[in-house]
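S.K.: Have a look at this one before I ask anything.
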Amino acid sequence: MRKPFIAGNWKMNTNGQAAVSLASELAEAVKEIDTVDIAVCPPFVYLHDTARALSSSNISLGAQNVYYQPDGAFTGETSCEMLKDVGCQYVIIGHSERRHVMGETDDLINKKVAVAISSGLLPILCVGELLEQREAGQTDAVVTEQVKKGLAGLSEEKVLAVTIAYEPVWAIGTGKTATSQQAQEVHRMIRKLLAEMYSDSVAAQIHIQYGGSAKPDNTAELMSCPDVDGLLVGGASLKVKDFAGMIVTTAKL
Ligand code: PEP
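Okay, so the sequence shown: first residue is -8 according to this note's numbering, each after it adds one.
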């Protein structure tokens, strides 16, 4: 069975003090939970301090982005080795804000996923359709293309390091959550696609998180869907009570 995996994406929020408090308070609030894998992804500049606040906790550290080159003249970028050096285990790749605000392409995202895995990081590959694509009935086609291109060239062994986060763009930060039925339909479709691309065994092992205005109120319903294996949480992960509540709710299911 897939162990639920809940990750918090702090985006460009917090400051040094707030990041450390958030991490320490969360660590205290979920210290008894061992049936859910938990990660938080702070802004780069607070990774180091957050790692210290989480040391000897059951919460892993993740980054929100990475660059695929190992070092060199890439001003403003951060390598996989640098992320590992500050204690990251996970890295979010291809978040919709990076795709649609920063213009990242599937090709770039694929390079990042491949290099992250080779470096020993666990990528969380984000996919998801825009509102107009959903309304035009293109959800499956868009998500299929993003999954295929994002995972291109990865062996069966390597792909097992990946978590896929299905995040309908129209639900991110908007307060509009996909219904559990809408989430389950796309998650099921992604799992079938993984079975076609790899094998039934790989498809059964890969975690598929839902992201998009997930909050305490809708956690139980989303997490009860058979193909929803976890959540990628933005806004609600900035509030200890909400995020810890979502983790505890999941642990009780
Ligand atoms: C996200 O940042 O990946 C996200 C899902 O944000 P929110 O939960 O705020 O919609």
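Built from N, CA and C at the ideal position, the CB exists for glycine as well.
Excluding the 5 residues flanking T5 on each side, which residues of the same chain have their C-beta closer than 8 Å to its C-beta?
M.R.: Sequence index remark: in the sequence shown, residue 5 carries index 14 (1-based). In the same chain as T5, and ignoring 5 residues on each side of it, the C-beta atoms closer than 8 Å to its own belong to L13, P33, P34, Y37, L229, in chain order.
S.K.: Closest to V118 by CA distance: which of H178, K102, H39 is it?
M.R.: Taking the first residue of the sequence shown as position 1, residue 118 is located at position 127. Out of H178, K102, H39, H178 has the C-alpha closest to the C-alpha of V118.
S.K.: Do L121 and H91 have their CB atoms nearer than 9 Å?
M.R.: Mapped onto the sequence shown, residue 121 falls at position 130. Mapped onto the sequence shown, residue 91 falls at position 100. Result yes, Cβ atoms of L121 and H91 sit closer than 9 Å.
S.K.: According to DSSP, what are the bridge partners of F(-4)?
M.R.: Taking the first residue of the sequence shown as 1, we reach residue -4 at position 5. D28, G221.
S.K.: Is G202 near ligand 1, judged by its Cβ being under 8 Å from some heavy atom?
M.R.: Residue mapping note: residue 202 aligns to position 211 of the sequence shown, counting from 1. Correct: G202 has its Cβ closer than 8 Å to ligand 1.
S.K.: Alpha carbon to alpha carbon, what distance is there between G128 and Q303?
M.R.: Since the first residue shown for the chain is -8 and the last is 244, residue 303 is missing from the structure and cannot be characterised.
S.K.: Does ligand 1 have even one heavy atom less than 8 Å from the beta-carbon of H86?
M.R.: Taking the sequence shown and counting its residues from 1, one reaches residue 86 at position 95. H86: yes, Cβ under 8 Å from ligand 1.
S.K.: For T154 versus L116, is the C-beta spacing smaller than 9 Å?
M.R.: In the sequence shown, the residue the question calls residue 154 occupies position 163. In the sequence shown, the residue the question calls residue 116 occupies position 125. Yes.
S.K.: Tell me the residue span of the alpha helix (DSSP H) that contains N236.
M.R.: As a working note, residue 236 is residue 245 in the sequence shown. The displayed chain sequence assigns Gly, not Asn, to residue 236. Per DSSP, G236 belongs to the alpha helix (DSSP H) from 231 to 243.
S.K.: Does DSSP put P34 in a helix, in a strand, or in coil?
M.R.: As a position in the sequence shown, residue 34 is number 43, starting the count at 1. If DSSP states are grouped into helix, strand and coil, P34 belongs with coil.
S.K.: Three-state secondary structure (DSSP) at I100?
M.R.: As a first step, residue 100 is located in the sequence shown; it is residue number 109 there, counting from the start. In the structure shown, I100 sits in a helix (DSSP, three-state: H, G or I).
S.K.: Please find out if some non-hydrogen atom of ligand 3 comes closer than 8 Å to the beta-carbon of N209.
M.R.: Annotation note on ligand 3: not contained in the displayed structure, which lists ligand 1 as its ligands.
S.K.: Within the continuous alpha helix (DSSP H) that includes H91, where are the two ends?
M.R.: Along the sequence shown, read from residue 1 onward, the residue named residue 91 stands at position 100. Unbroken alpha helix (DSSP H) run through H91: 87 to 91.
S.K.: Could you tell me how far apart the beta carbons of K103 and V138 are, in whole angstroms, since I believe they sit closer than 8 Å?
M.R.: One-based indexing of the sequence shown puts residue 103 at position 112. One-based indexing of the sequence shown puts residue 138 at position 147. Between K103 and V138 a beta carbon distance of about 15 Å is seen, past the 8 Å cut, so the two are scored as non-contacting.
S.K.: Is the distance from the Cβ of P28 to the Cβ of S46 below 9 Å?
M.R.: In the sequence shown, the residue the question calls residue 28 occupies position 37. In the sequence shown, the residue the question calls residue 46 occupies position 55. According to the sequence displayed, residue 28 carries Asp and not Pro. Result no, Cβ atoms of D28 and S46 do not sit closer than 9 Å.
S.K.: Quick one: which unbroken beta strand (DSSP E) runs of 3-plus residues sit fully inside the region 40 to 76? Chain order, please.
M.R.: 50 to 54
S.K.: What are the boundary residues of the alpha helix (DSSP H) that includes P207?
M.R.: As a first step, residue 207 is located in the sequence shown; it is residue number 216 there, counting from the start. Element bounds for P207: 207 to 214.
S.K.: Taking G7 as part of the beta strand (DSSP E), name the residues at either end of that continuous run.
M.R.: Mapped onto the sequence shown, residue 7 falls at position 16. Unbroken run through G7 is the alpha helix (DSSP H), 7 to 20; no beta strand (DSSP E).
S.K.: I'd like to check one pair, N49 with A18: are the Cβ atoms closer than 9 Å?
M.R.: Taking the first residue of the sequence shown as position 1, residue 18 is located at position 27. Taking the first residue of the sequence shown as position 1, residue 49 is located at position 58. The answer is yes: Cβ separation under 9 Å.
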